[in-house]
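**Q** Input: one structure, supplied below.
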Amino acid sequence: MLGIRNGIYGMQIKALLRPSSRRIPLMAQITIDESNATATSQDILAEQHRGFWTAGVGVYVLWNLFTLVGALAGDAMGDPKQWGLDGAACAAFLGLLWPRLKSRDPIAIAVVSAAITVITIPIVPPGIPVIIAALVTAVVWEWRHHGDGATPDEGATP
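All letters in the sequence shown, in the order written, are residues 1 to 158 by the UniProt record's numbering.
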C-alpha cells in the first residue's frame, strides 16, 4: 500500500517539479507524504522545489537520527505507549491535510473519504478502508474535474 501511494506521489512530483533524469533517483528517496504535501501546497515553482527538498531531506535526516536514538536509548525510555505517540501520526497527517481544505470540493471529498473509511473499517481487512477511500476520492476528483465539465473550485487539490 505504501508503495502505491508513494508511486502516485512520484508521478505527481515529477509532473510538478520536472526534475532532470539525474535527480529522479535522489528525489525518489524523499518522495513521502510530507515532501509531497509541502510541494503541492505552494503556488510558485521555486517554493514548490523548496518545500519538496526541505520537507523531504528534513524528514529523512531526522527519521534516521531518531531511529538511531531509539535503537541506542529505546530501553531507557520505557513503554512507548506511555508517551502517547500513537496519535502523533494522525496529528501529522491532519496537519498536512488541513491547509488543503480551502474550498468546498476538498472539504466534501475529505468528509466523504473519512466517512467511507470509518464505515468500512469493521467489514474489510486492515488497510483496505484507506484504499477504498482513496479510490472513491480519485473517481470523484476525476468526475468533478473532467467528467461533467464543471469548473473546479479555486485552489482545490486532492
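Where a beta carbon is used, it is the ideal one built from N, C-alpha and C, also for glycine.
For Ser41, which residues from the same chain have a beta carbon less than 8 angstroms from its beta carbon, with the 5 sequence-adjacent residues on both sides left out?
**A** As a position in the sequence shown, residue 41 is number 41, starting the count at 1. Counting only Cβ-Cβ distances below 8 angstroms, and skipping sequence neighbours, we find Gly51, Pro99, Arg100 and Thr157.
**Q** Ends of the alpha helix (DSSP H) at Thr112?
**A** Numbered from 1 along the sequence shown, position 112 holds the residue referred to as residue 112. Checking the sequence shown, residue 112 turns out to be Val, not Thr. Note, Val112: alpha helix (DSSP H), Arg104 to Thr120.
**Q** As a quick exercise: from Arg22, His49 and Ile121, pick the residue whose alpha carbon is nearest that of Leu16.
**A** To locate residue 16, count along the sequence shown from 1; it is residue 16. Checked all of Arg22, His49 and Ile121; the closest Cα to Leu16 is His49.
**Q** Can you tell me which of the three DSSP states Asp43 falls into?
**A** What you label residue 43 is simply residue 43 of the sequence shown in a count that begins at 1. Residue state, collapsed to three classes: coil.
**Q** Whose C-alpha, out of Val59, Pro80, Val140 and Ala28, is nearest the C-alpha of Ile107?
**A** By 1-based counting over the sequence shown, the position of residue 107 is 107. Closest option to Ile107, Cα to Cα, is Val140.
**Q** Could you tell me the boundaries of the alpha helix (DSSP H) in which Val130 lies?
**A** By one-based count along the sequence shown, residue 130 stands at place 130. Note, Val130: alpha helix (DSSP H), Ile128 to Glu142.
**Q** Could you tell me the alpha carbon to alpha carbon distance between Trp63 and Ala73, rounded to whole angstroms?
**A** The count along the sequence shown starts at 1 and reaches residue 63 at position 63. The count along the sequence shown starts at 1 and reaches residue 73 at position 73. One C-alpha to the other measures close to 15 angstroms.
**Q** So, under 8 angstroms CB-CB, Thr31 and Gly56 are touching, yes? Tell me the CB distance rounded to an integer number of Å.
**A** Position 31 of the sequence shown holds residue 31. Position 56 of the sequence shown holds residue 56. With 8 angstroms as the limit, Thr31 and Gly56 qualify as a contact, their Cβ atoms being about 7 angstroms apart.
**Q** Would DSSP call Asp79 helix, strand or coil?
**A** Mapped onto the sequence shown, residue 79 falls at position 79. DSSP places Asp79 in coil when its eight states are reduced to three.
**Q** Return the CA-CA distance between Gln29 and Thr38, expressed in angstroms with no decimal places.
**A** Working through the sequence shown from its first residue, we reach residue 29 at position 29. Working through the sequence shown from its first residue, we reach residue 38 at position 38. Whole-angstrom Cα-Cα distance: 16 angstroms.
**Q** Short of 8 angstroms in beta carbon distance, which residues of its chain neighbour Asn36, apart from the five on each side in sequence? Order them along the chain.
**A** Taking the sequence shown and counting its residues from 1, the one referred to as residue 36 is at position 36. Tyr9, Gln12, Ile13 and Phe52, listed in sequence order.
**Q** Can you name the start and end residues of the alpha helix (DSSP H) that Gly95 belongs to?
**A** Looking up residue 95 in the sequence shown gives position 95. That run of the alpha helix (DSSP H) goes Ala88 to Leu97.
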